[in-house]
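Novice:
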Amino acid sequence: MPREGETARAALVDAGERLFAVHGVETASLRDVAVAAGHRNNSAVQYHFGGRDGLAAAVYSRGMGPINRVRIGMLEQTGTDTVQGLVSVLLVPLAAHVEESAGWYGRFLARNRFDRVAREVRDALPESEVLRQVTRRLGRLLDGVPPAVRAARMEQMVNHYVTSLASWEWARDRGERKLSAADLRDDLVVTCAAMVGADLGTKPGHRRSR
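For the sequence shown, this note's numbering begins at 991 and goes up steadily by one.
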């Protein structure tokens, strides 16, 4: 593709990440995306990406690519066979990307956690397999936790760290006081590991399976 085409696509992905973060993948105006990217042609998204799903996939893939490379490298190291180790694999590369990209990716993820179109697009991407692999490994460490509780904890964990990163990203852009990215990352690893690995206690229905 000519360099002009690559530049045009990159501008659309930038605009898509921002407007999808504000309005959601399902409801954002593709015309507004094209205008924000500097295109006069309102069909620019259709031309370059085939439509809404293709642009959403491009936003996810641009973020997930570098994040996954770090995750895979971490999985090859020792120390990732514990709850905290696997939580670090999930969280640390994402937090680093949010900090270093200086964009809207954290807010994009948070806004679209439960967006129907975004979820379908994300789950169909081959890049999502790394996330599923880490989640499966983490789940195997919780084999004493009832499956429904395990699934709920996983969802709570992701909701917590994605929302926290989005909040940090907003505060950064507004010039508000916040934890450093490193301090937030370290605290999220500890709190998310505690959330997933917490003792079940003695409530009815929360006894450890044998």
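Where is the CB? At the ideal position from N, CA and C, for every residue including glycine.
By Cβ distance, which residues of its chain are closer than 7 Å to Thr1125, with the 5 residues on each side in sequence left out?
Specialist: Met1144
Novice: Using the C-alpha atoms, what's the distance from Val1025 back to Thr1017?
Specialist: 16 Å
Novice: Can the beta-carbon of Ala1034 be found closer than 8 Å to that of Ala1108?
Specialist: no
Novice: Phe1098 lies in the alpha helix (DSSP H); which residues open and close that run?
Specialist: 1095 to 1101
Novice: How long is the line joining the alpha carbons of Val1073 and Asp1173, rounded to whole angstroms?
Specialist: In this structure, the CA atom of Val1073 is about 20 Å from the CA atom of Asp1173.
Novice: Using 8 Å as the threshold, is the C-beta distance between Glu1159 and Arg1097 below it?
Specialist: For Glu1159 and Arg1097, yes; Cβs fall inside 8 Å.
Novice: Counting only runs of 3+ residues fully inside the stretch 1114 to 1192, write out the beta strand (DSSP E) ranges in chain order.
Specialist: Scanning the stretch 1114 to 1192 from its first residue to its last, no whole beta strand (DSSP E) run of 3-plus residues comes out.
Novice: Could you tell me which of Val1179, Ser1091, Phe1104 sits nearest to Val1079, measuring between CA atoms?
Specialist: Val1179
Novice: What do you get for Gly1063, buried or exposed, if any count of 16 or more other CB atoms within 10 angstroms of its CB means buried?
Specialist: Result: exposed.
Novice: Who are the near neighbours of Ala1001 in its chain, counting only those whose CB is closer than 7 Å to its CB and skipping five residues on each side?
Specialist: Here the set comprises Ala1027, Gly1028.
Novice: With distances taken Cα to Cα, identify the nearest neighbour of Trp1094 among Val1012, Gly1055, Asp1043.
Specialist: Val1012
Novice: Touch check for the stretch 1124 to 1139 and the stretch 1047 to 1054: three-plus C-beta pairs under 8 Å?
Specialist: no
Novice: Rank His1038, Ala1085, Arg1130 by C-alpha distance to the C-alpha of Pro1056 and give the top, closest one.
Specialist: Closest option to Pro1056, Cα to Cα, is Ala1085.
Novice: Helix, strand or coil, according to DSSP, for His1013 in the structure here?
Specialist: helix
Novice: In the DSSP assignment, the alpha helix (DSSP H) including Ala1046 goes from what residue to what residue?
Specialist: 1042 to 1065
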